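In mature numbering (1 follows the signal peptide of the UniProt record, and there is no 0), the protein residues as written are -24 to -1, 1 to 229.
We treat Cβ as the ideally placed atom computed from N, Cα and C, and that holds for glycine.
In this text the structure is predicted, and so the values were computed from the model without any measurement.
Let me begin by presenting the structure, written as structure tokens, before commenting on it.
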Amino acid sequence: MNITTSQKILLPILSLSVAFCMLAFQHIENSSQPIQFSPQKNPVVIELFTSQSCYTCNNADAVANAIKDYENVIVLSYHVDYWNSLGWKDTFSDARHTDYQRSYENKLHQPSFTPQMIVNGTTEFDGTNIRMLNNSLKKTSTTEKLMSPTASRNGRTIDVSYNLESNQDFTDAYALLLMDSFEIDINKSPNTNMTLVNPNVVLKKVPLKTSVEKGIQTFELPNMINENNKFKVALLLQDENMTVVAASMATVL
């Protein structure tokens, strides 16, 4: 297999990365709140680019799972498709997620890789780097908190009422459907014989009209998804530089 720069496989420091991941897991296991965080008024949006076939992504997934329910922390897990060739096709992989991640490359001056965390569309780091995550969570966020969407269910249909009223200038608006948690046993790829827990999985991401403040977005659950799972919806506003200027999230009741 040819290893490209965009995939950012850093073989020379693999042992260091593994050691760090072990420390991250130990940190998680020994504390009910492993990540340092003081709740703030504005949301912190953490976009995690991950894959079920990426050997170190399960460590970043565990970190994301630990913080996904923190107050005003919005975790969005995008499953990319460029690791599907390793023998396991990621259940949630989507070429659009890969394209979205790569659209950050010019802005952040970093190639795409997994597990990558991007905070508020402005800062990126390895998703297993607890120190960098702590620094991001402690920093005062300037992202505006939108009015929380309301979501109602009728079988496999979810209707989301939203309000995009904001004091920020934005060029793009999105509604996202998330699955709170998904557990899966892997029988191929580098994660063979492992049970993975994927948090806040982005199932669908739909662009909204920026010229209309209020509206209703209807989502249909994908056929492969059990409707008894727990779901969330999120709103995301970005400016022309992909900075997340406003956001909110709510649980589907």
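What is the DSSP secondary structure of residue i, counted as helix, strand or coil?
i	result
residue 113	helix
residue 83	helix
residue 77	helix
residue 61	helix
residue 41	helix
residue 170	strand
residue 106	helix
residue 176	strand
By the DSSP assignment, the beta strand (DSSP E) with residue i in it spans what residues?
i	result
residue 54	49 to 55
residue 191	190 to 196
residue 16	That residue, residue 16, is in no beta strand (DSSP E); it is neither H nor E in DSSP.
residue 233	Any answer about residue 233 is impossible in this case: the structure gives the chain only from -24 up to 229.
residue 92	92 to 95
What are the boundary residues of the alpha helix (DSSP H) that includes residue i?
i	result
residue 132	Unbroken run through residue 132: none, as it is neither H nor E.
Assuming residue i and residue j form a contact by the criterion Cβ under 8 Å, report the distance between their Cβ atoms to the nearest whole angstrom.
i	j	result
residue 84	residue 178	Contact doesn't hold; Cβ gap of about 19 Å is too wide.
residue 220	residue 112	Between residue 112 and residue 220 the Cβ distance is about 13 Å, and since that is not below 8 Å, they are no contact.
residue 13	residue 58	Contact doesn't hold; Cβ gap of about 31 Å is too wide.
Which residues share a DSSP beta bridge with residue i?
i	result
residue 209	153 and 226
residue 138	191
residue 148	214
residue 183	150
So with Cβ pairs under 9 Å, would you call residue i a contact of chain D?
i	result
residue 104	Considering every chain present, this structure includes no chain D. It has just one protein chain.
Taking 8 Å as the cut-off, does the segment 216 to 229 touch the segment 142 to 151 (at least 3 CB pairs, one atom from each stretch)? yes
Quick check: the segment 28 to 35 against the segment 107 to 120, are at least 3 beta-carbon pairs closer than 8 Å? The segment 107 to 120 vs the segment 28 to 35: no contact.
Okay, do the segment 99 to 119 and the segment 161 to 172 touch, 3+ Cβ pairs below 8 Å being the bar? At 8 Å Cβ cutoff, the stretches do not touch.
Closer than 8 Å is the cut-off here; do at least three beta carbon pairs connect the segment 179 to 191 with the segment 127 to 141? yes
For the segment 203 to 214 against the segment 123 to 134, are there 3 or more C-beta pairs whose distance is under 8 Å? yes
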